[in-house]
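Down below is the structure, laid out as C-alpha cells.
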Amino acid sequence: MTETKPISNTSDSSKNKSVEKLDSGSSNTTTSSSSPNTDNDKPKLTNKELKELKKQEKLAKRAAKKENAGIVSQITPQQIEQNKNKKNQQSQSQSSLQQQHSIVKKIEKKNSLFSHLETKEHRNELSISQSQIINQIHPSIISLTLKISSYSIVGSIPRCKAMLETFIKVINDYKTPQGTTLTRNLTNYLSIQIDYLKTSRPLSVSMGNAIRWLKQQISIISIDLNDKDAKDELISQIKDFIKEKIEYSGKVIIESTSNHISNGSKILTFGNSQVLKEIFLHNHLVLHKKFQVIIVDSNPLFEGKQLAKELSSNGLNIKYVLINSLSTIFQDSIDFVFLGAHSMLSNGFLYSRVGSALIAMKAKNRNVPVLVCCESIKFSDKVQLDSVTLNELSDSNLLINNGQKRQNISLDKFVQNHEIKPIQSTKDKKEKDDSSKVEDLSNWRNNQYLNIVNVMYDLTPPDFIEKIITEVGALPPSSVPVILREYKSST
Amino acid sequence: MSDFDIKKSYLQFLEEDTEMTMPIAAIESLVTLLKIKQPSTSTELIKLLQDATETLKNSIPNAISLSAGCDLFMRFVLRNTHLYQDYESCRRHLVENGQLFLERSKESRRKIAETGYKFISDDDIILVHSFSRTVSTLLAHAAAKKVRFRVIVTEARPTLQGEAMAKILRSHNIPVSVIVDSAVGYVINKVDKVLVGAEGVAESGGIINHVGSYQIGVLAKSSNKPLYVVAESHKFVRMFPLSPDNIPTDENIFHFSSDLNHETKSPIIDFTPHEYITALITDLGVLTPSAVSEELIKMWYD
Numbered sequence: 001m002t003e004t005k006p007i008s009n010t011s012d013s014s015k016n017k018s019v020e021k022l023d024s025g026s027s028n029t030t031t032s033s034s035s036p037n038t039d040n041d042k043p044k045l046t047n048k049e050l051k052e053l054k055k056q057e058k059l060a061k062r063a064a065k066k067e068n069a070g071i072v073s074q075i076t077p078q079q080i081e082q083n084k085n086k087k088n089q090q091s092q093s094q095s096s097l098q099q100q101h102s103i104v105k106k107i108e109k110k111n112s113l114f115s116h117l118e119t120k121e122h123r124n125e126l127s128i129s130q131s132q133i134i135n136q137i138h139p140s141i142i143s144l145t146l147k148i149s150s151y152s153i154v155g156s157i158p159r160c161k162a163m164l165e166t167f168i169k170v171i172n173d174y175k176t177p178q179g180t181t182l183t184r185n186l187t188n189y190l191s192i193q194i195d196y197l198k199t200s201r202p203l204s205v206s207m208g209n210a211i212r213w214l215k216q217q218i219s220i221i222s223i224d225l226n227d228k229d230a231k232d233e234l235i236s237q238i239k240d241f242i243k244e245k246i247e248y249s250g251k252v253i254i255e256s257t258s259n260h261i262s263n264g265s266k267i268l269t270f271g272n273s274q275v276l277k278e279i280f281l282h283n284h285l286v287l288h289k290k291f292q293v294i295i296v297d298s299n300p301l302f303e304g305k306q307l308a309k310e311l312s313s314n315g316l317n318i319k320y321v322l323i324n325s326l327s328t329i330f331q332d333s334i335d336f337v338f339l340g341a342h343s344m345l346s347n348g349f350l351y352s353r354v355g356s357a358l359i360a361m362k363a364k365n366r367n368v369p370v371l372v373c374c375e376s377i378k379f380s381d382k383v384q385l386d387s388v389t390l391n392e393l394s395d396s397n398l399l400i401n402n403g404q405k406r407q408n409i410s411l412d413k414f415v416q417n418h419e420i421k422p423i424q425s426t427k428d429k430k431e432k433d434d435s436s437k438v439e440d441l442s443n444w445r446n447n448q449y450l451n452i453v454n455v456m457y458d459l460t461p462p463d464f465i466e467k468i469i470t471e472v473g474a475l476p477p478s479s480v481p482v483i484l485r486e487y488k489s490s491t
Numbered sequence: 001m002s003d004f005d006i007k008k009s010y011l012q013f014l015e016e017d018t019e020m021t022m023p024i025a026a027i028e029s030l031v032t033l034l035k036i037k038q039p040s041t042s043t044e045l046i047k048l049l050q051d052a053t054e055t056l057k058n059s060i061p062n063a064i065s066l067s068a069g070c071d072l073f074m075r076f077v078l079r080n081t082h083l084y085q086d087y088e089s090c091r092r093h094l095v096e097n098g099q100l101f102l103e104r105s106k107e108s109r110r111k112i113a114e115t116g117y118k119f120i121s122d123d124d125i126i127l128v129h130s131f132s133r134t135v136s137t138l139l140a141h142a143a144a145k146k147v148r149f150r151v152i153v154t155e156a157r158p159t160l161q162g163e164a165m166a167k168i169l170r171s172h173n174i175p176v177s178v179i180v181d182s183a184v185g186y187v188i189n190k191v192d193k194v195l196v197g198a199e200g201v202a203e204s205g206g207i208i209n210h211v212g213s214y215q216i217g218v219l220a221k222s223s224n225k226p227l228y229v230v231a232e233s234h235k236f237v238r239m240f241p242l243s244p245d246n247i248p249t250d251e252n253i254f255h256f257s258s259d260l261n262h263e264t265k266s267p268i269i270d271f272t273p274h275e276y277i278t279a280l281i282t283d284l285g286v287l288t289p290s291a292v293s294e295e296l297i298k299m300w301y302d
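Just so you know, the sequences run in chain order S and E. Mapping of the first sequence onto full-length UniProt numbering: position 239 corresponds to residue 239, and the numbering continues sequentially without gaps. Mapping of the second sequence onto full-length UniProt numbering: position 204 corresponds to residue 204, and the numbering continues sequentially without gaps.
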C-alpha cells in the first residue's frame with residue numbers, strides 16, 4: 001500500500017490547475033517508476049495539458065450528447081481523462097470490496113486495495129513523458145498503441161497478432177546504425193517500441209510470450225548475415241509464428257472442441273473470445289449443427305454485443321443477457337459453459353475478463369461443466385493466488401459514461417418525470433449515490449467518498465474448471481505446468 | 001481387408017490368451033496385419049493401419065481400451081517411420097518393436113504388482129470392484145509376500161464378473177466376501193482401501209471402468225477412504241469425458257417403457273472423474289491423476 005496525502009483540499013477544487021499542482025506534489029508518493037520523468041517535465045506539460053483539456057472538454061460535451069454510440073465513442077472521454085484526472089490515483093483507491101459492503105464511510109482516498117496497480121492516468125502520463133523519444137517510435141507502433149488503448153483491438157490473441165504484424169513492419173523499416181550489429185541493436189530498438197506500446201495497456205501474457213520468443217530469435221541470428229537477409233529471415237519467422245501458434249492452434253482447438261457441440265446443445269459463453277466465435281461459426285456454418293448460444297455480457301466494454309451481432313447475422317440462435325441475470329439464465333438447462341482466456345497460470349488458475357470467475361462459480365454450482373479454450377501461447381509460468389496483486393485497471397470513467405449515455409434515453413426521461421431518484425443510482429451500479437443526480441457522478445473525483453474502480457480481469461480457481469482445451473490436447477487445470485514445460489522446450 | 005480379418009484375429013488373441021488385455025490384443029493383431037500384408041511404402045503402411053484401426057474400433061462394442069492400444073501403436077509407427085532412410089528396415093523394425101512392445105506390456109502387470117503391494121498392509125479390508133487382472137495380480141502378489149488382508153468383492157452387475165474375481169482371489173488363499181453392488185455404502189465404513197482396475201485412463205486422470213466404479217468412488221471419497229486405480233500405462237487414452245455418462249458409446253442407455261415385463265438394461269461402463277481417485281498404480285510408478293496427462297502429453301509430443 002502506498003502512502004498518499006489526504007486529499008480533502010483537492011476534492012473541493014474544481015479548477016484543474018490546482019488539482020494539477022497538488023498532484024505533482026503527491027505523485028512522488030504514489031509512484032516510484034514514473035515520477036522522476038514527470039517531475040522534470042512538469043511545467044511544460046501543464047500548459048500543454050491545459051490547452052488540450054479545453055479542447056477535450058468540448059469534445060466531451062459533444063460526446064455526451066451522442067446517445068447510443070458504442071465503445072468507439074468512449075475514446076474521447078478517455079482522452080479527457082489523460083489530463084483531468086491525475087487525482088484519480090488517489091481517488092481510485094477505494095476498494096470495490098468496501099463498496100460492496102457499502103461501508104463507504106469516511107475513508108480517505110488512500111490505502112486502497114488496488115492502489116498499487118497502474119491506472120489509466122498513470123499510463124497516459126507515461127506516454128506523455130515518453131514524448132521526447134517519440135521520433136524513435138515507429139508510426140505503426142503509435143497507431144497500434146492508439147488502437148489498443150481505445151479498445152478497438154481487444155482480446156489477448158487479436159492484440160498479440162496485431163503486435164506481431166506491426167513488428168513485421170517495424171523490422172522491415174529497420175536499419176542497423178553504423179558501428180553496431182542487428183543482433184544487438186534491434187533488440188534495443190524493439191524494447192523502445194514495446195515500452196511505448198505498454199503505455200496503451202499492459203502487455204498481455206500472449207504478447208509477452210511472443211516478445212520473449214522474438215527476442216530469442218533475434219539473439220540467435222548470425223552476426224555475419226547482412227541486414228536484408230536477417231530481416232527477411234526474422235519476418236518469415238514471425239509469419240510462421242503467427243501461423244503456427246495462433247492460426248493453426250485456433251484450428252486445432254476448433255476441431256477438438258467441436259466434439260462437445262451437438263444438435264440441441266445449449267452453450268453459455270461470456271464476453272467475446274476470438275477462438276470461441278470461430279468455434280461457434282464453424283459448428284454452425286460448416287458442420288450445420290443446430291444449437292443455441294447464450295451470450296452473457298457485462299459493463300463496461302460490452303464485448304458480447306459484437307459476438308452476438310456476428311453470430312446472429314450468420315443465422316445462429318442467440319440469447320443475449322447481462323451478467324446481472326446470471327442466476328436466472330442458469331435455470332435453463334445449459335450443457336456447457338465455454339470461456340475464453342486471457343492467460344492460464346501455472347497453478348491452474350484462469351486469468352480472464354472480469355466476470356468469468358462469477359460465471360464459472362455459478363456453473364459449478366449448477367453442475368455445468370466449464371470448458372476453457374486457450375492457445376498454449378497464453379500459458380504463463382506465473383503463479384497468482386488472488387486477482388488483486390496483479391490486475392489491470394481501466395478507465396474509471398468508462399463506468400460512468402455508460403450511465404451518462406443511458407441517461408439520455410427513455411428510462412432517464414421516465415426517471416426525471418417521476419422524480420424517483422434511487423433508480424438512477426442502481427442504474428450506475430453504485431450503491432451510494434446519495435441523492436445526487438446522475439450527472440453528478442461525472443464529478444466523482446471531487447467527492448472523496450466516492451471511488452470508482454474499473455478492474456479488467458479476475459481469477460477463476462481450478463476447482464471451477466473442468467477442462468482446458470489447447471492445441472496440444474485437452475487437460476485438467478492441474479496439468480498446465482506440463483504444457484509449460486513442453487512448450488518451453490519446443491520454443 | 002480381404003484375406004485378413006482384423007476383428008477375427010483380435011478376438012482370437014483375446015480368446016487364446018486369457019491373460020491378454022484388450023489394448024494388447026489390438027496391438028498384436030495390428031502387428032500380425034503388418035507381417036501378413038507387407039505394405040511396400042510408408043504411406044501405404046499408415047493407410048493400412050488407419051483402415052484396420054477404424055474397422056476394429058467400429059466392429060467391437062466398447063472400444064475404449066482397444067482404441068488406446070491402436071492409438072499407441074499408431075503413434076509409435078508415425079514417430080518411427082521418418083527415422084529410417086529405407087522403408088524395408090523401417091517395417092522390419094516396426095514388427096520387431098511391436099513384438100517388444102507386447103512383451104513389455106505383459107511385463108508391466110508384474111511390475112505394477114511389485115510397486116503396488118506395498119500399499120496393502122496387515123489387517124486391511126480391501127474393497128475391489130468387478131474383475132481386473134491387474135488388481136488380482138497385485139493382490140496375489142501381496143498374499144505371496146505374506147501380507148494378511150481380507151477382500152470384499154462386488155458382484156458387479158450386469159456382467160457378474162465379481163464372481164470370477166472372487167474365485168481367483170480365493171485360489172490364492174485370500175479370504176473374500178462377495179457383496180451386491182448396492183451394499184457398497186453399507187460396508188464402506190469398514191473398508192480401509194478401495195482398489196479398482198480400469199479399461200481406460202482418461203487425460204484428466206479419471207478412469208473408464210466397469211459400471212459402478214463411479215458410485216464407489218463417490219462413497220469412498222465421502223468417507224475419506226483412499227481409492228487406488230491399478231492400470232497399465234498402455235491403457236491411457238486420449239479422451240476426456242466430462243461426466244460419468246459422457247463416454248462415446250452409441251447405445252442408448254435409457255429404455256423407458258411402461259411395459260410390465262420390460263427387461264432391466266444397464267450401461268456396462270462409466271467414467272470416474274479424477275477428483276475421486278487418490279492415486280494410480282501403474283508400471284510407470286505411482287502417479288497422481290494429474291500426472292497422467294503429463295505422461296500422455298510426453299507420449300504424444302516428443
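Positions of the beta carbon are idealized from the N, C-alpha and C atoms, including for glycine.
According to DSSP, residues forming a beta bridge with residue i
i, result
"E/ALA279", "E/TYR228"
"S/GLY473", "S/THR470"
"E/GLY287", "Checking the sequence, you will find Leu at residue 287 of chain E rather than Gly. Answer is E/LEU280."
"S/GLN193", "Its beta-bridge partners do not exist; DSSP assigns none."
"S/SER343", "S/TYR351"
"E/ASN209", "E/ASP270"
"S/LYS266", "S/GLN292"
Buried/exposed call for residue i, threshold 16 Cβ in 10 Å
i, result
"S/PRO139", "exposed"
"S/VAL482", "buried"
"S/ARG184", "exposed"
"S/GLU466", "buried"
"S/ARG353", "buried"
"E/LYS193", "buried"
"S/ASN209", "buried"
"E/GLN50", "exposed"
"S/VAL337", "buried"
"E/PHE120", "The sequence as given places Ile at residue 120 of chain E; Phe does not occur at that position. Buried, by the Cβ-count rule."
"S/ASP232", "exposed"
"E/ALA144", "exposed"
Under 8 Å between C-beta atoms of residue i and residue j
i, j, result
"S/SER396", "S/LEU459", "no"
"E/SER40", "E/ILE6", "no"
"E/SER222", "E/ASN189", "no"
"E/GLY197", "E/TYR276", "no"
"S/LEU311", "S/VAL296", "no"
"S/SER258", "S/SER200", "no"
"E/GLU155", "E/VAL178", "yes"
Where residue i sits in the DSSP three-state scheme
i, result
"S/SER352", "strand"
"S/PHE280", "helix"
"S/GLN82", "At S/GLN82 the pLDDT is 48, less than 50, meaning the model places this residue with poor confidence; the figure from the coordinates comes in the next sentence. Three-state DSSP puts S/GLN82 in a helix."
"S/ASP463", "helix"
"S/ASP297", "strand"
"E/THR159", "coil"
"E/HIS274", "helix"
"S/THR30", "Reliability of the predicted coordinates at S/THR30 is poor, the pLDDT of 39 falling under 50, and the value obtained from them is presented with this limitation in mind. Here S/THR30 sits in helix by DSSP."
"E/LEU242", "coil"
"E/ARG148", "coil"
is_contact[residue i, chain A] using C-beta, thresh 8 Å
i, result
"S/GLU466", "Any reference to chain A falls outside this structure, whose protein chains are S and E."
Residue range of the unbroken beta strand (DSSP E) whose run includes residue i
i, result
"S/CYS373", "370-373"
"S/VAL321", "317-322"
Residue i: first and last residue of the uninterrupted alpha helix (DSSP H) it sits in
i, result
"E/ASP51", "42-59"
"E/PHE76", "64-81"
"S/ASN124", "120-129"
"E/SER9", "6-16"
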